[in-house]
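Number of protein chains: 2
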Amino acid sequence: MPKHPIRVVAKKTGLSAGLIRIWERRHGAVTPVRTETNRRLYTDEDIERLILLGRATQSGESISQIARLSKDELIKLLSAGGHIEPKESSADRVDLTIKSASEYLELCFKAVRDLDPGLIEATLLKASVGLTQRALFEQVLGPLMYSVGDLWREGDLKVVHEHLASAVVRTFLGNMSGGYAAHESAPRIIVTTPVGQLHEFGALMAGLTAASAGWKTIYLGPNIPAGDIASAVLHNNARVVALSLIYPADDPRMGNELEQLHTILGGKAQIIVGGRSAEGYRNVIDKIGALLVKDLSSLQFRLDSIRSVNAA
Amino acid sequence: MPKHPIRVVAKKTGLSAGLIRIWERRHGAVTPVRTETNRRLYTDEDIERLILLGRATQSGESISQIARLSKDELIKLLSAGGHIEPKESSADRVDLTIKSASEYLELCFKAVRDLDPGLIEATLLKASVGLTQRALFEQVLGPLMYSVGDLWREGDLKVVHEHLASAVVRTFLGNMSGGYAAHESAPRIIVTTPVGQLHEFGALMAGLTAASAGWKTIYLGPNIPAGDIASAVLHNNARVVALSLIYPADDPRMGNELEQLHTILGGKAQIIVGGRSAEGYRNVIDKIGALLVKDLSSLQFRLDSIRSVNAA
DNA sequence: TTAATATTTGACAAAACTTGAACAAATAAT
DNA sequence: ATTATTTGTTCAAGTTTTGTCAAATATTAA
């Protein structure tokens with residue numbers, strides 16, 4: 001297995017090289033092997049471990065108490081208290097320092113305002129090592145999309161900003177699900193918006209939610225005809241289709257589209273509908289036996305139960 | 313099997329000849345055969361290997377540690393790239409052998425047909441380590457987009473396929489330019505399509521071209537109003553705006569949009585127009601002093617000359 | 001022959017790494 | 001309030017690594 005010099009470890013963990021060394025000397029957090037000339041060489045496990053330790057210390061744990069914990073114990077620790085806001089870092093001049101979720105959010109927001117896609121992505125990449133995935137979704141990506149959408153509607157931001165934010169989040173969603181939905185056996189879900197629904201914010205959020213719930217997420221983008229959605233579902237053996245309806249709330253075509261989708265699918269997949277305007281189409285939704293979810297946590301709940309049923 | 317002298321290898325790998333020799337002498341990174349007169353002759357595998365080693369060192373790995381790794385190990389090392397997931401990655405099961413550009417193209421195409429975004433991305437990732445960036449753009453991404461677009465127009469593929477292909481390429485463009493346009497001093501270019509132009513294939517290709525020509529590329533997506541384009545240009549101090557016009561070829565709004573863009577910019581940036589339908593708007597293009605390019609290589613030529621002029 | 005390209009060796013300087021010590025800021029203990 | 005302890009950073013001095021260069025020699029092509 002290839003081993004890495006300390007600069008690579010620093011880059012991937014977001015910790016400074018000095019800190020990594022001092023954690024080793026003072027607490028034996030990791031024990032890298034050495035070359036004949038005394039250089040440290042780290043394994044991939046060492047890096048994972050340091051990332052976990054970094055997150056844990058950010059959420060308030062003291063390094064001396066956790067340095068010797070096993071990987072499993074660290075994961076348990078993090079998933080239990082994932083919501084703790086990190087303490088304010090006094091000196092934040094280096095871009096390598098790990099920041100809190102709200103700081104990342106602010107940086108992303110500024111980058112969107114400045115129309116700098118590269119900066120957004122770099123920020124999100126850093127955030128992804130500094131935060132747990134749940135925190136990244138719920139405290140950074142979600143709020144970012146909501147606030148950009150709101151400001152766009154109020155006229156403070158322009159279409160480009162909304163486009164740009166979706167593009168970046170979409171990119172990130174793609175990256176995530178790539179390295180995440182590991183199992184080939186994972187249940188599949190198609191996420192999209194029907195014809196007439198041009199805004200993909202909701203669909204993207206649904207995609208993020210599904211991915212973090214362990215589904216293999218196939219994101220089709222906005223404004224897709226029922227026939228195309230259906231063929232995607234059948235082609236992929238997807239168990240669920242998630243549709244996001246944001247605006248308009250009274251599109252006369254929607255009834256047709258949904259019924260058509262239901263007909264072609266013939267019960268082979270569960271249709272789940274959500275979004276701000278979903279309520280407006282309740283009649284059709286009930287008629288075709290689709291599920292209506294009112295927010296992302298009920299989506300997650302539905303997905304979990306569908307998954308456990310089919311797994312049995 | 314064809315063998316290559318060192319100057320060819322240097323050109324293809326982007327490494328200096330001296331560096332290639334020193335990697336051989338100090339670490340046995342490659343062991344080219346010699347002619348009777350002691351000249352080195354490299355195989356294609358040697359070249360691939362050197363490209364991989366170059367990328368790995370670029371990302372921080374130390375040459376002394378990785379010089380002896382096998383090709384597969386190098387690829388795995390590079391694929392680990394951005395995120396490190398605690399879970400076992402499905403990349404272990406992926407075929408790691410390096411293929412030719414046309415094989416990658418075929419795999420991508422099949423993945424698009426099967427609506428499998430994850431597979432497309434995995435394939436492109438492998439292609440990106442197995443091929444030079446130029447080959448990836450010109451022999452895989454470009455042809456993929458063109459053929460998907462054509463088949464869509466002929467009715468063999470559906471909208472989803474086109475959406476999916478653009479989404480993946482867009483994602484990939486984002487990734488590329490992130491790790492690519494390193495220089496803060498690099499000239500900036502805005503790439504987009506005006507209102508009414510819904511297809512982003514051309515714009516994506518233009519973005520890829522600009523990125524590989526060393527420009528910091530800011531991609532806004534399709535269907536953007538002139539006012540928004542202009543504010544993006546001014547906000548970013550961009551030197552060039554590239555617009556792609558594919559379909560329709562006779563939108564009556566286009567005249568207004570282009571003139572408006574020209575007026576707001578006031579000569580602060582060069583407007584370049586391209587795409588299948590650009591010719592149809594020649595009148596306006598000439599009127600506002602924009603450049604019309606007929607293909608991607610002329611775009612590249614224009615960008616090169618603009619860059620060298622402003623650099624002086 | 002002349003100019004361009006390669007090869008080998010040794011040398012060199014910049015960048016990176018290691019260790020030890022000192023320091024300031026924040027926390028905990030008295 | 002004062003005193004320890006913890007924690008992360010910074011500095012200095014001494015190695016090691018790494019890419020580049022120059023010099024001397026050899027080969028190739030025009």
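For the record, the sequence lines run as chains A and B.
Heads up: the first sequence at position 56 corresponds to 56 in the numbering used here, and the numbers run straight through without jumps.
Heads up: the second sequence at position 65 corresponds to 377 in the numbering used here, and the numbers run straight through without jumps.
Glycine is no exception: its CB is placed at the ideal position from the N, C-alpha and C atoms.
Anyone know if the C-beta pair for A:S297 and A:I246 falls short of 8 Å?
Walking along the first sequence from the start, residue 297 of chain A turns up at place 297. Walking along the first sequence from the start, residue 246 of chain A turns up at place 246. No, Cβ-Cβ distance for A:S297 and A:I246 is not below 8 Å.
Residue ranges of each alpha helix (DSSP H) run of no fewer than 4 residues wholly in the stretch 181 to 265 of chain A, ordered along the chain?
Whole alpha helix (DSSP H) segments, 4+ residues: 201 to 212, 226 to 236, 253 to 265.
For the stretch 105 to 117 of chain A, enumerate the residues whose C-beta is nearer than 8 Å to any C-beta of chain B, in chain order.
Listed by position along the chain: D114, L115, D116, P117.
Can you tell me where the alpha helix (DSSP H) with B:V424 in it begins and where it stops?
Within the second sequence, numbered from 1, the residue matching residue 424 of chain B stands at position 112. From DSSP, the alpha helix (DSSP H) with B:V424 extends over 413 to 425.
In or out: A:M1 buried (at least 16 other Cβ within 10 Å) or exposed?
Residue mapping note: residue 1 of chain A aligns to position 1 of the first sequence, counting from 1. That one is exposed.
For A:V160 versus B:A544, is the C-beta distance shorter than 8 Å?
Taking the first sequence and counting its residues from 1, one reaches residue 160 of chain A at position 160. Taking the second sequence and counting its residues from 1, one reaches residue 544 of chain B at position 232. Taking 8 Å as the Cβ cut-off, A:V160 and B:A544 qualify as a contacting pair.
Give me, in chain order, the residues of the same chain whose beta-carbon lies closer than 8 Å to that of A:L144; leave out the 5 immediate sequence neighbours on both sides.
Residue mapping note: residue 144 of chain A aligns to position 144 of the first sequence, counting from 1. Closer than 8 Å at Cβ, skipping near neighbours: L105, C108, F109, V112, A165, V169.
Anything in the stretch 527 to 551 of chain B with a Cβ closer than 9 Å to a Cβ of chain A? List those residues in chain order, please.
Within the stretch 527 to 551 of chain B, the residues whose Cβ lies closer than 9 Å to some Cβ of chain A are K528, T529, I530, Y531, L532, G533, P534, N535, I536, P537, G539, D540, I541, S543, A544, H547, N548, listed in chain order.
Starting from B:A479, find everything on chain A with Cβ-Cβ shorter than 8 Å and list it in chain order.
As a working mapping, residue 479 of chain B is identified with position 167 in the second sequence. Correct list: R170, G174, Y219, G221.
When you check each C-beta in the stretch 128 to 142 of chain A against every C-beta of chain B, which residues fall closer than 9 Å?
Cβ contacts with chain B: S128, V129.
Would DSSP call A:R276 helix, strand or coil?
Position 276 of the first sequence holds residue 276 of chain A. Three-state result, A:R276: coil.
Going by the CB atoms, is the gap between A:V191 and A:Y219 shorter than 8 Å?
Counting from one through the first sequence, the residue named residue 219 of chain A turns up at place 219. Counting from one through the first sequence, the residue named residue 191 of chain A turns up at place 191. Yes.
Helix, strand or coil, according to DSSP, for B:V345 in the structure here?
The residue labelled residue 345 of chain B in the question sits at position 33 within the second sequence. In this structure, B:V345 counts as strand in the three-state DSSP scheme.
Determine the direct distance from the alpha carbon of A:P225 to that of A:R253, and round the result to whole angstroms.
In the first sequence, counting from the first residue as 1, residue 253 of chain A sits at position 253. In the first sequence, counting from the first residue as 1, residue 225 of chain A sits at position 225. In a straight line, the C-alpha of A:R253 is about 11 Å away from that of A:P225.
Below 8 Å on the Cβ atoms is my guess for A:A290 versus A:I264; work out the distance and round it to an integer in Å.
As a first step, residue 290 of chain A must be located in the first sequence, where it is residue number 290. As a first step, residue 264 of chain A must be located in the first sequence, where it is residue number 264. Not quite, the Cβ-Cβ distance comes to about 14 Å (not below 8 Å), so this is no contact.
Which residues in chain B have a C-beta closer than 8 Å to the C-beta of A:K3? List them in chain order.
Stepping through the first sequence from its first residue, residue 3 of chain A is reached at position 3. Ordered by position in chain B, the residues that pass the 8 Å Cβ test against A:K3 are Q377.
Going by Cα to Cα distance, which pick from A:N236, A:A10, A:E162 is closest to B:P534?
One-based indexing of the second sequence puts residue 534 of chain B at position 222. That would be A:E162, whose Cα lies nearest to the Cα of B:P534.
Which residue from A:A135, A:V293, A:A101, A:G118 puts its Cα closest to that of A:L78?
Position 78 of the first sequence, counted from the start, is the residue given in the question as residue 78 of chain A. Checked all of A:A135, A:V293, A:A101, A:G118; the closest Cα to A:L78 is A:A135.
So what's A:L15 in DSSP terms, helix, strand or just coil?
On the first sequence, residue 15 of chain A is found 15 positions in, with the first residue counted as 1. Three-state DSSP puts A:L15 in coil, outside helix and strand.
Check each residue of the stretch 348 to 381 of chain B: if its Cβ is closer than 7 Å to any Cβ of chain A, include it; give the result in chain order.
Within the stretch 348 to 381 of chain B, the qualifying residues are G372, E373, S374, Q377, I378, L381.
For B:E433, count neighbouring C-beta atoms within 10 Å of its own C-beta (all shown protein chains included) and say buried if the count is 16 or more, exposed if not.
Looking up residue 433 of chain B in the second sequence gives position 121. Answer is buried; the Cβ neighbour count reaches 16.
Under the three-state reduction of DSSP, which class applies to B:R361: helix, strand or coil?
Indexing the second sequence from 1 puts residue 361 of chain B at position 49. DSSP places B:R361 in helix when its eight states are reduced to three.
With DSSP run on the structure shown, which of helix, strand or coil describes B:R351?
Residue numbering aside, residue 351 of chain B sits at position 39 when the second sequence is read from its first letter. Looking at B:R351 - three-state DSSP - the assignment turns out to be coil, as it is neither helix nor strand.
Buried or exposed for B:T505, going by 16 or more other Cβ atoms inside 10 Å?
In the second sequence, counting from the first residue as 1, residue 505 of chain B sits at position 193. Flag for B:T505 reads buried.
Please report whether the beta-carbon of B:E466 lies at a distance below 8 Å from any beta-carbon of chain A.
Translated into the one-based positions of the second sequence, residue 466 of chain B becomes position 154. So, not an interface residue.
Are the CB atoms of A:L52 and A:I75 nearer to each other than 8 Å?
In the first sequence, the residue the question calls residue 52 of chain A occupies position 52. In the first sequence, the residue the question calls residue 75 of chain A occupies position 75. Taking 8 Å as the Cβ cut-off, A:L52 and A:I75 qualify as a contacting pair.
Using a cut-off of 7 Å between C-beta atoms, extract the partners of B:E385 located in chain A.
By one-based count along the second sequence, residue 385 of chain B stands at place 73. What B:E385 touches in chain A: P2.
Flag A:K158 as yes if its beta-carbon sits less than 8 Å from any beta-carbon of chain B, otherwise no.
Locating residue 158 of chain A in the first sequence gives position 158, counting from the first residue. Yes, A:K158 lies at the interface with chain B (some Cβ there is under 8 Å from its Cβ).
Are there 16 or more other CB atoms within 10 angstroms of the CB of B:L516, so buried, or fewer, so exposed?
Taking the first residue of the second sequence as position 1, residue 516 of chain B is located at position 204. Looking at its Cβ environment, which holds 16 or more other Cβ atoms inside 10 Å, B:L516 is buried.
For A:L292, does the three-state DSSP call read helix, strand or coil?
The residue given as residue 292 of chain A occupies position 292 in the first sequence. Here A:L292 sits in strand by DSSP.
In whole angstroms, what is the alpha-carbon distance linking B:L469 and A:L119?
Position 157 of the second sequence, counted from the start, is the residue given in the question as residue 469 of chain B. Position 119 of the first sequence, counted from the start, is the residue given in the question as residue 119 of chain A. In a straight line, the C-alpha of B:L469 is about 35 Å away from that of A:L119.
What residues from chain B crowd round A:K11, counting only those whose CB sits closer than 9 Å?
Walking along the first sequence from the start, residue 11 of chain A turns up at place 11. Residues of chain B passing the Cβ test: S371, G372.
Would you list, in chain order, the members of the stretch 293 to 309 of chain A that have their beta-carbon closer than 9 Å to a beta-carbon of chain B?
For the stretch 293 to 309 of chain A, which is checked against every Cβ of chain B, not one residue is closer than 9 Å.
Are the beta-carbon atoms of B:V605 and B:E571 separated by less than 8 Å?
As a working note, residue 605 of chain B is residue 293 in the second sequence. As a working note, residue 571 of chain B is residue 259 in the second sequence. Going by C-beta atoms, B:V605 is not nearer than 8 Å to B:E571.
Closer than 8 Å by beta-carbon distance: list the chain B residues that pair up with A:L164, in chain order.
Mapped onto the first sequence, residue 164 of chain A falls at position 164. Those within 8 Å of A:L164 in chain B are L532, G533.
Taking only beta-carbon atoms, is B:L327 less than 8 Å away from chain A?
Within the second sequence, numbered from 1, the residue matching residue 327 of chain B stands at position 15. No, its Cβ sits nowhere closer than 8 Å to a Cβ of chain A.
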